[in-house]
Ligand SMILES: *Cc1c(COP(=O)(O)O)cnc(C)c1O
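In the working numbering, the protein residues as written are 31 to 411.
Structure follows, in structure tokens:
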């Protein structure tokens, strides 16, 4: 297949064809490569020893050892590079937290400014606190040159948005870098680069994977030098992804836009209905979601639709504990972003959260079926 100029095509076309030129055989469905090691060139004159080049950072298409890269990892990164837009480079990791670890190792800040959000990212920061003395400070604190501001938007578990441009400008004014965990706002809903961020992180386990069957993490940069350093670090830290997971992710990316857009239109209907039905649903106190926010920046950031995760607060821990078992179409489980809807009593995984919070991840089922299920869980005992 020919190398296509992916910039001529929209996201849904690029998701299917951006990596066509990397196919080495005639298979239409990409094969899984399980090999850890790959033959060197057969021409002796083509052999370039390691002292003359960086073997952990080879040009696309030159594969040596699977800790450095693999044929499928290169295809996933090529597809993601076009999904995230012109001039972006994606680097793939074994999990979202491996990607966050890689970002901290890369920027190596003295201070990390962040607030709330995914509890695991705070856990990674604590490990760095032990290793390098990294100091975690509130997102509105003063930080300095070489430090890092980390924003999560939309944020876990509520799905509420923060002003990305405000935090990017603030970080840059202080000489710091700004990264965003954009897991809750996958492409094509939100493009954080438009608002000045230096790096985007995703847990690929969620919307990009979309089927609750793989762990993956992604860092996206517009700086080719940063990409090179990330790839070299990944080869040394061993934070890369396995063959099977990379292959599942590539397969998932083929349907990214249709899944995410269906989930997004579903969540808008479910949240609107819930919010308007509050007085009729016994025990329901508050509904949290970006779609209920009124600030101007929210619609500018989530320009193509809202992320499909939101939270509700109910009147008591007893109601929150009992509701998941009354739902028929929602698995009571952690995680989010998959095609199947999930609900979680958040106290099961987050030690710091109120016991009255339930988090919903909306899938690709029919929105009216999901609404009827929630209504009956609230109203029938
Ligand atoms: C799940 C998640 C992570 C961690 O990703 P893993 O793939 O589980 O390591 C980080 N940030 C957010 C917002 C998440 O939802």
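Positions of the beta carbon are idealized from the N, C-alpha and C atoms, including for glycine.
Values in this document were obtained by computation on a predicted structure and should not be read as measured data.
Beta-bridge partners of residue 362, as assigned by DSSP: 373
Spatial distance of residue 395 from residue 296 (CA atoms): 8 Å
Where residue 247 falls: helix, strand or coil (DSSP): strand
heavy atom of ligand 1 below 7 Å from residue 237 C-beta: no
8 Å Cβ cutoff met for residue 122 and residue 142: no
Neighbourhood of residue 171 by C-beta distance below 6 Å, restricted to the same chain and skipping five residues each side: 143
heavy atom of ligand 1 below 7 Å from residue 320 C-beta: no
Proximity test, residue 233 beta-carbon vs ligand 1 heavy atom, cut-off 7 Å: yes
Close-in-space but distant-in-sequence residues of the same chain around residue 77 (CB under 7 Å, 5 per side omitted): 70 and 71
Residue 117 Cβ short of 7 Å to ligand 3 heavy atom set: With respect to ligand 3, the structure offers nothing, as its ligand set consists of ligand 1.
Contact belief for residue 16 with residue 132 at Cβ below 8 Å, rounded distance in angstroms: What the structure shows of the chain is the stretch from 31 to 411, and residue 16 is not part of that stretch, so it cannot be assessed.
Sufficient close CB pairs (3 or more, under 8 Å) joining the stretch 353-361 to the stretch 252-270: no
Extent of the continuous alpha helix (DSSP H) run through residue 293: 286-306
Helix, strand or coil at residue 131 [DSSP, three-state]: helix
Reduced DSSP category for residue 327 - H, G, I as helix; E, B as strand; rest coil: helix
Under 8 Å between C-beta atoms of residue 308 and residue 343: no
Limits of the beta strand (DSSP E) - the one that residue 443 falls within: Limits of the chain in this structure are 31 at one end and 411 at the other, which puts residue 443 out of reach.
Cut-off 6 Å between Cβ atoms - residues of its own chain near residue 127, not counting five sequence neighbours on either side: 150 and 154
Option in 302, 319 and 216 with minimal Cα separation from residue 249: 216
Beta-ladder partner(s) of residue 210, from DSSP: 181 and 230
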